[in-house]
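>
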Amino acid sequence: MFDPADMLVWPRRRPNRLLLVAFLLTASAVATGRCAADDRTIQLTVVDSDTGAPLAARLYLQSDDGVPFYFRSDDPTGSAVRYETQNWINKQSVEYHTTVSAHRCSATVPEGEYRLIVRRGKTYFPHRQTLTVGADDLDLTVRLKRWNDPQTRGWYSGDTHLHRTIDELKNVIVAEDLNVALPLTNWVTIADQAPRAGNKNLTEIPDGLVVVDPTHVIWPRNTEYEIFTVAGKRHTLGALFMLGHRNGLETGVPPWRPVVESVRSSDPGVLFDMDKLDWPFAMVLPTIVPDALNELSNNHVWRTEFAFRKWNTPAPPYMQPPWGASEGGHRQWIDYTLGMYYTLLNCGFRMPPSAGTANGVHPVPAGFGRVYVHQPDGFEFEGWMRGLQAGRSFVTTGPMLYTHAAGQDPGHVFRFSEPQTIPLAIDILSQTNLSYGELLINGRPESLLRPQNQVTSDGAFRSAFSIDVLPQRSGWFAVRFWEPRDDGQSRFVHSAPWYVEIGDAPVCPMAHEKRYLISRVENEMRRSRGIVPDAAMQEYERALAFYQGLDVYDDTADVAAEARQSEGQPLERWLDNMILDHRFDVDEVRRATGLSTAEAITAMERRADKRPKSGFRILPYPGGRHPRIGFLDGAIRPQRETKVSVFTPWADGGYVVVDVPEAVFSNLGLTYLAHEHIPTIWPEQGVDLPRLEWSRDSDTLNVQRKLPGGIVIESQVTEQAGAAKMELKLTNGTQEKLTGLRVQVCVMLKGAVGFNVQERLENVTAPPFVAIGAENSNRWIITAWQPNHRVWTNPPVPCIHSDPIFPDCEPGQTVTVRGGLWFYAGDDIQGELKRLAE
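Residue numbers (our numbering): 63 to 900.
1. Put residue 304 into one of helix, strand or coil per three-state DSSP.
2. Measure the C-alpha to C-alpha separation of residue 95 and residue 893 and round it to an integer number of angstroms.
3. Kindly identify the DSSP beta-bridge partner or partners of residue 336.
4. Mind checking whether residue 818 and residue 691 have CB atoms under 8 Å apart?
5. Is DSSP giving residue 275 helix, strand or coil here?
6. Please go through the same chain and pick out, in chain order, the residues whose beta-carbon is closer than 8 Å to the beta-carbon of residue 622, but skip the five residues on each side of it.
7. Look at the alpha carbon of residue 348 and the alpha carbon of residue 339, and state the distance between them as a whole number of angstroms.
8. Roughly how many angstroms separate the alpha carbons of residue 636 and residue 831, rounded to a whole number?
9. Considering only the beta carbon of each residue, do residue 329 and residue 360 sit closer than 8 Å?
10. What separation, rounded to the nearest whole angstrom, lies between the Cα atoms of residue 247 and residue 265?
11. So what does DSSP say about residue 232, is it helix, strand or coil?
12. The alpha helix (DSSP H) spanning residue 889 covers which residue range?
13. Sort 675, 315, 844, 698 by Cα distance to residue 507 and report the nearest one.
14. Put residue 325 into one of helix, strand or coil per three-state DSSP.
15. Does the stretch 847–857 come close enough to the stretch 760–768 to have 3 or more Cβ pairs within less than 8 Å?
16. Quick check: what's the CA-CA separation for residue 430 versus residue 419?
17. Which residues does DSSP pair with residue 782 in a beta bridge?
18. What did DSSP end up calling residue 636 once you bin it into helix, strand or coil?
19. DSSP beta-bridge partners for residue 863?
20. Can you tell me the Cα-Cα spacing of residue 238 and residue 710, whole angstroms?
21. Do you know whose CA, among 118, 479, 461, 454, lies nearest residue 467's CA?
22. Mind checking who residue 462 pairs with in its DSSP beta bridge?
23. Apply the 10 Å Cβ neighbour rule to residue 843 and answer buried if 16 or more other Cβ atoms are within range, or exposed otherwise.
24. Between the beta-carbon of residue 458 and the beta-carbon of residue 555, is there less than 8 Å?
25. Identify the continuous alpha helix (DSSP H) that holds residue 916 and give its terminal residues.
26. Within the same chain, show all residues whose beta-carbon is closer than 6 Å to that of residue 371, passing over the 5 residues directly before and after it, in chain order.
27. Less than 8 Å between the C-beta atoms of residue 749 and residue 756, yes or no?
28. Among 125, 117, 163, 130, which has the Cα closest to the Cα of residue 137?
29. Since residue 403 is in the alpha helix (DSSP H), which residue starts that stretch and which ends it?
30. In terms of DSSP beta bridges, what is residue 626 paired with?
31. Using 8 Å as the threshold, is the stretch 150–170 in touch with the stretch 121–139, meaning 3 or more CB pairs across them?
32. Under three-state DSSP, which class holds residue 534?
33. Just to confirm before moving on: does the CB-CB distance between residue 552 and residue 367 stay below 8 Å?
34. Is it a yes or a no for the stretch 511–521 touching the stretch 98–107, going by three-plus beta-carbon pairs under 8 Å?
35. For residue 866 and residue 774, which I take to be in contact (beta-carbon distance under 8 Å), what is that distance rounded to the nearest angstrom?
36. Figure out for me which residue from 353, 301, 355 has the closest Cα to the Cα of residue 344.
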């Protein structure tokens, strides 16, 4: 039975208010003996804890009522730069700090309680403490501990999107330990306007490299075209950056190709950078600048609360979040950003990753997202830029990723006559525990990487992997890792891709990727016709022709292996299930049914006038769409006969997929598994289990499987008052007693809007109940089974489990376990669990 004392609560990831302190360290303060007055002085020196050397740093000082205070340098050769920015959409998205040089500094404050946080770049532990300011001044020395030093391995960082003055950056990049700063000193937002006369330009742009010290430099001449006005009308196109040019640019846009060709001619070393692929015209640019950089961590990724929830263009159904959503939170934005990048890589574009913050405009520190470039022989600016263009890099908002494939840095091109195994070595360090990582091949998470999180002598968390990569076709591979933080904004790190050429075979996108790119360009052509000049429309037409001419990956063999054949009326019911309920696209219908592309299109056209269904209901899961987001290598070729889709009662809330059961264990071994991951006892005996289907009787779905040894497993799922009532029966047809009958029942959240993030959401475990809360609402999904073995969550999938255990079963006997799935919207989840328990 439910016992409140057993309840464990993983708290909701609260919005990150500035300077919320997760834990407090005791301050060591020395009174200076000054006379009492209204104001007091806090004097501060920051040093390296190992060497004692003074450090530049970023400082936050906040009174207990939330008022920020700022520091000034006490040394005539020092500097302190105040930064205070609040987002115009989300007023809780703020960044108030001071960056100070490596000298003593001070702040004047009234008496009271204060919270101080001291940070430096990415690789020092932050220092947090509370201060009580009374009658005396305070003199503090803060010792920052470095947990990793990328420069000792030849890795140097940069930010490709900054809006700060050169004088400010001389202070900022040292405080952030940012090796390269590329401020966009020319910034134009009006079509046809030359960047030299840009409406947002900085003045006093020096010529040549600004060297702050041997490993911290600024290239002062970079241009941002960010077009919001065309022909005197508000008409957003988007942005393209030109980094590292030596001469002022005289050409306006659109069209874009003339300025690209002009800059390449005058400055061959210039780099082009695409900051966000959701800009309306963005998918035209790769056909003009196919080697452009792309910001995997862009100017919407901050340490404070996320703001830009509404996107410029909707996501396609094959990306997360599902169903072509056009808005989402911090993690959904990152997933969408990465998904668009992967789509372009799958078309054969070789686009090195970059990272930019737009510090100077947005509430984010410089270098919060940054790109590291490998220079094993030491730092040199022009070599760093060449390495960035070559993709010898990784992008991070937190962890440090050191990896090579067959001894080669990211960006390397492997050329084989046939598929070959490539050894991949990964060494990753992080400030806090990593949650998981993934090996990506052509954008698909092929392998889940579970970190060891071993504590180093410097207090960091280290994980190491040696794995084999076996690309089956031309394309690319990369790795990425995720690091959850208490502020609710997970940090991530992503390697640049390695490329693979197998024979003469080109890189081919999936059919749905090609359709997405075509639709993006067609939509932009319709939106911009009659507004942008004819020369720009010709660029759109050439981009459309390029995407239309792409050969797609031939997935005939994949469809044949996965499809389930149905004839007549059952096929029509399945098509309704897929298209109207699950909102499948053409390729998902093909994979589920084996229909040709033309037949699938016809089936969808016949249903085009029917509205997609909504509201609570339970249906057989049709296959064709993998029910997981990640850990796909733990669910190869999932069977549909164990899976039901339970649709939420909320408008456009999506559905969960429940495996009833996912697995059954016994004293015989792994007796049943609803996918291929690890072998059951039957393949070892040369037995293949036949495919089955659910049958429906009124509000109940039922399926019965008789295993070769005589064990019978029956699954039953019933709609009952807006909930799913579930039952599993096991009949022992063997001659021996069955024991240890553990069952896994997996509730997969990929299709449930607000729950489909691969992060630890707020959850409550109160056996037999497990409840998980949506990311940005008070919605909950609850499940429970009795008798209960364990409850748990698995964010990489993502899924939740309440796993039952059958009683021991004598020959000829039947044993039963029962469970349920419920939906709840409200703020009293503990009360709801008590109600369900009663």
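All C-beta atoms, glycine included, are put in the ideal place defined by N, C-alpha and C.
In short:
1. Here the question's residue 304 lines up with position 242 in the sequence shown. Correct three-state label for residue 304: strand.
2. Within the sequence shown, the letter at position 33 stands for residue 95. Within the sequence shown, the letter at position 831 stands for residue 893. Low per-residue confidence applies at residue 95: pLDDT is 34, beneath 50, and the placement is therefore not dependable, though the value from the model is reported in the following sentence. Cα to Cα, the separation comes out at about 55 Å.
3. On the sequence shown, residue 336 is found 274 positions in, with the first residue counted as 1. For residue 336, which the question treats as bridged, DSSP gives the partners 356.
4. Mapped onto the sequence shown, residue 818 falls at position 756. Mapped onto the sequence shown, residue 691 falls at position 629. It is a contact, given that the beta carbons lie within the stated cut-off.
5. As a working mapping, residue 275 is identified with position 213 in the sequence shown. Note: residue 275 maps to strand in three-state DSSP.
6. Along the sequence shown, one-based indexing puts residue 622 at 560. Within the same chain, residue 622 has close Cβ partners 656.
7. Within the sequence shown, residue 348 is the residue found at index 286, counting from 1. Within the sequence shown, residue 339 is the residue found at index 277, counting from 1. Using only the alpha carbons, I get a separation of about 10 Å.
8. Within the sequence shown, residue 636 is the residue found at index 574, counting from 1. Within the sequence shown, residue 831 is the residue found at index 769, counting from 1. The straight-line gap from Cα to Cα measures roughly 33 Å.
9. For the purposes of this step, residue 329 is identified with residue 267 of the sequence shown, where counting begins at 1. For the purposes of this step, residue 360 is identified with residue 298 of the sequence shown, where counting begins at 1. Cβ distance not < 8 Å, so residue 329 and residue 360 don't count as in contact.
10. The count along the sequence shown starts at 1 and reaches residue 247 at position 185. The count along the sequence shown starts at 1 and reaches residue 265 at position 203. In a straight line, the C-alpha of residue 247 is about 8 Å away from that of residue 265.
11. Numbered from its first residue, the sequence shown carries residue 232 at position 170. Residue state, collapsed to three classes: helix.
12. Position 827 of the sequence shown, counting from 1, holds the residue named residue 889. Element bounds for residue 889: n/a, residue is neither H nor E.
13. Here residue 507 refers to the residue found at position 445 of the sequence shown. Among 675, 315, 844, 698, the Cα nearest to that of residue 507 is on 698.
14. Locating residue 325 in the sequence shown gives position 263, where the first residue counts as 1. Three-state DSSP puts residue 325 in a helix.
15. no
16. Residue mapping note: residue 430 aligns to position 368 of the sequence shown, counting from 1. Residue mapping note: residue 419 aligns to position 357 of the sequence shown, counting from 1. Approximately 7 Å between the Cα atoms of the pair.
17. Here residue 782 refers to the residue found at position 720 of the sequence shown. Answer is 785.
18. By one-based count along the sequence shown, residue 636 stands at place 574. Helix at residue 636.
19. In the sequence shown, the residue the question calls residue 863 occupies position 801. Note: residue 863 sits in a beta bridge opposite 808, 854.
20. Along the sequence shown, one-based indexing puts residue 238 at 176. Along the sequence shown, one-based indexing puts residue 710 at 648. Distance between the alpha carbons of residue 238 and residue 710: 46 Å.
21. The residue you call residue 467 lines up with position 405 of the sequence shown. Among 118, 479, 461, 454, the Cα nearest to that of residue 467 is on 454.
22. Counted from its first residue, the sequence shown places residue 462 at position 400. The partner list for residue 462 (beta bridge, DSSP) reads 491.
23. The residue labelled residue 843 in the question sits at position 781 within the sequence shown. Buried.
24. As a working mapping, residue 458 is identified with position 396 in the sequence shown. As a working mapping, residue 555 is identified with position 493 in the sequence shown. Against a cut-off of 8 Å, the Cβ pair of residue 555 and residue 458 comes out as a contact.
25. Lying outside 63 to 900, the shown extent of the chain, residue 916 is not represented and no answer is given.
26. Translated into positions along the sequence shown, residue 371 becomes position 309. Same-chain partners within the cutoff: 389.
27. Residue 749 sits at position 687 when you count from the first residue of the sequence shown. Residue 756 sits at position 694 when you count from the first residue of the sequence shown. No; because the gap between Cβ atoms is not below 8 Å, this pair is not in contact.
28. Taking the first residue of the sequence shown as 1, we reach residue 137 at position 75. Among 125, 117, 163, 130, the Cα nearest to that of residue 137 belongs to 163.
29. As a first step, residue 403 is located in the sequence shown; it is residue number 341 there, counting from the start. Residue 403 -> alpha helix (DSSP H) spans 392–407.
30. To locate residue 626, count along the sequence shown from 1; it is residue 564. The partner list for residue 626 (beta bridge, DSSP) is empty, contrary to what the question assumes.
31. yes
32. Position 472 of the sequence shown, counting from 1, holds the residue named residue 534. Residue state, collapsed to three classes: coil.
33. Residue mapping note: residue 552 aligns to position 490 of the sequence shown, counting from 1. Residue mapping note: residue 367 aligns to position 305 of the sequence shown, counting from 1. No, the Cβ-Cβ distance between residue 552 and residue 367 is not below 8 Å.
34. no
35. As a first step, residue 866 is located in the sequence shown; it is residue number 804 there, counting from the start. As a first step, residue 774 is located in the sequence shown; it is residue number 712 there, counting from the start. Rounded, the Cβ-Cβ distance is 17 Å, inconsistent with contact.
36. Walking along the sequence shown from the start, residue 344 turns up at place 282. Taking only the C-alpha atoms, the option nearest residue 344 is 301.
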